[in-house]
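Report on one structure; see the data block that follows.
Number of protein chains: 2
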Amino acid sequence: MDKNKQQQLEAKGWVVTTPEEFLELTPEETAYIEVKLLLSRNLRERREMLNLSQQALADMLESSQSRVSKMEAGAPTVSLDLLVRSLFHMGVTPTELADMLAVKT
Amino acid sequence: MDKNKQQQLEAKGWVVTTPEEFLELTPEETAYIEVKLLLSRNLRERREMLNLSQQALADMLESSQSRVSKMEAGAPTVSLDLLVRSLFHMGVTPTELADMLAVKT
DNA sequence: CATGAATATGTCAGATTTGACATATTCGTT
DNA sequence: AACGAATATGTCAAATCTGACATATTCATG
Numbered sequence: 249m250d251k252n253k254q255q256q257l258e259a260k261g262w263v264v265t266t267p268e269e270f271l272e273l274t275p276e277e278t279a280y281i282e283v284k285l286l287l288s289r290n291l292r293e294r295r296e297m298l299n300l301s302q303q304a305l306a307d308m309l310e311s312s313q314s315r316v317s318k319m320e321a322g323a324p325t326v327s328l329d330l331l332v333r334s335l336f337h338m339g340v341t342p343t344e345l346a347d348m349l350a351v352k353t
Numbered sequence: 249m250d251k252n253k254q255q256q257l258e259a260k261g262w263v264v265t266t267p268e269e270f271l272e273l274t275p276e277e278t279a280y281i282e283v284k285l286l287l288s289r290n291l292r293e294r295r296e297m298l299n300l301s302q303q304a305l306a307d308m309l310e311s312s313q314s315r316v317s318k319m320e321a322g323a324p325t326v327s328l329d330l331l332v333r334s335l336f337h338m339g340v341t342p343t344e345l346a347d348m349l350a351v352k353t
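Protein chains in written order, with the numbering used here: chain A, 249 to 353; chain B, 249 to 353.
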């Protein structure tokens with residue numbers, strides 16, 4: 249955001265901050281969430297690539313449609329374990345997992 | 249193992265197999281465990297590099313010495329989440345995490 | 001715009017993971 | 001060998017995660 253715009257907003261009483269500041273995330277929390285979101289995006293991409301519905305994928309994973317939805321949303325109640333195991337279940341290799349994480353955000 | 253040695257053992261009544269066959273691990277379970285072990289080794293290496301005791305690291309992570317020990321042992325009751333968050337807490341970046349996983353086993 | 005299929009959201013009992021503690025074992029030093 | 005420091009192992013109540021279900025919302029297509 250440019251400095252002028254920010255000053256205009258602040259003059260009107262807005263507080264201008266970054267998401268991390270607002271949510272008070274530490275760097276490690278930020279990194280952790282980034283990784284989860286990275287994997288959840290990959291999960292969705294792969295499912296759509298395979299033309300599977302969330303229900304169909306859930307059946308493969310022995311999970312449920314609602315949990316797949318939450319996985320793809322990167323919901324806080326979804327563990328990295330579940331995301332990673334799901335990706336492996338879809339045929340992803342550890343090397344491919346490494347490539348996912350290597351992507352710059 | 250060479251074929252002769254294997255045949256000798258089998259003649260004596262031993263069953264020669266791979267760990268996966270013996271434990272009946274699916275490929276995705278194998279991959280998941282491999283990743284966990286990879287990260288646990290990295291955790292130990294980094295801790296030792298920093299000359300920290302398990303107790304000292306536990307204090308940093310707001311965890312306990314016994315849990316750090318279990319993390320480094322790759323124990324089944326330790327989640328990927330805990331391992332990854334611990335590494336991030338030690339200053340590892342997502343890119344460095346990717347490099348860890350890219351290592352061939 | 002209706003209707004059905006896909007996806008999202010909320011909830012919860014059961015399963016798993018957690019830090020903490022006690023105690024055992026290993027390891028380096030004297 | 002004896003000591004202390006570090007690490008390992010076992011256990012458990014509390015916290016977190018899970019699949020399942022009900023229901024709401026979104027989306028495509030006639």
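Idealized CB from N, CA, C, for every residue including glycine.
Taking all protein chains shown into account, decide if residue i is buried (16 or more other Cβ within 10 angstroms of its Cβ) or exposed.
{"i": "residue 320 of chain B", "result": "buried"}
{"i": "residue 314 of chain A", "result": "exposed"}
{"i": "residue 301 of chain A", "result": "exposed"}
{"i": "residue 264 of chain A", "result": "exposed"}
{"i": "residue 298 of chain A", "result": "exposed"}
{"i": "residue 351 of chain A", "result": "exposed"}
Kindly say whether residue i, judged by its beta-carbon, lies nearer than 7 angstroms to any beta-carbon of chain A.
{"i": "residue 263 of chain B", "result": "no"}
{"i": "residue 294 of chain B", "result": "no"}
{"i": "residue 273 of chain B", "result": "no"}
So is residue i in contact with chain B if we call contact Cβ pairs under 7 angstroms?
{"i": "residue 333 of chain A", "result": "yes"}
{"i": "residue 349 of chain A", "result": "yes"}
{"i": "residue 291 of chain A", "result": "no"}
{"i": "residue 276 of chain A", "result": "yes"}
Among the options, which residue has its Cα nearest to the Cα of residue i?
{"i": "residue 349 of chain B", "options": "B:287, B:322, B:281, B:300", "result": "B:287"}
{"i": "residue 341 of chain A", "options": "B:264, B:273, B:254, B:283", "result": "B:283"}
{"i": "residue 311 of chain B", "options": "B:299, B:331, B:352, B:278", "result": "B:331"}
{"i": "residue 292 of chain B", "options": "B:279, B:306, B:250, B:252", "result": "B:306"}
{"i": "residue 277 of chain B", "options": "A:339, A:249, A:344, A:347", "result": "A:339"}
{"i": "residue 281 of chain B", "options": "B:304, B:346, B:344, B:327", "result": "B:327"}
{"i": "residue 273 of chain B", "options": "A:316, A:344, A:336", "result": "A:336"}
{"i": "residue 308 of chain B", "options": "B:329, B:334, B:318, B:294", "result": "B:334"}
Would you say the beta carbon of residue i is closer than 6 angstroms to some non-hydrogen atom of the ligand NAP?
{"i": "residue 324 of chain A", "result": "Looking at this structure, you won't find the ligand NAP or any other ligand, since it has none at all."}
Note down, in chain order, all residues in the segment 298-331 of chain A with a beta-carbon under 8 angstroms from any beta-carbon belonging to chain B. Within the segment 298-331 of chain A, 327, 328, 329 place their CB atoms closer than 8 angstroms to a CB of chain B, listed in sequence order.
Using a Cβ cut-off of 7 angstroms, which residues of the segment 278-289 of chain A contact any Cβ in chain B, in chain order? Among the residues of the segment 278-289 of chain A, those with a Cβ less than 7 angstroms away from any Cβ of chain B are 279, 280, 282, 283, in the order of the chain.
Taking 8 angstroms as the threshold, find out whether the segment 315-334 of chain A comes into contact with the segment 287-301 of chain A through three or more Cβ pairs. The count of Cβ pairs closer than 8 angstroms, one atom from the segment 315-334 of chain A and one from the segment 287-301 of chain A, reaches three, so the stretches are in contact.
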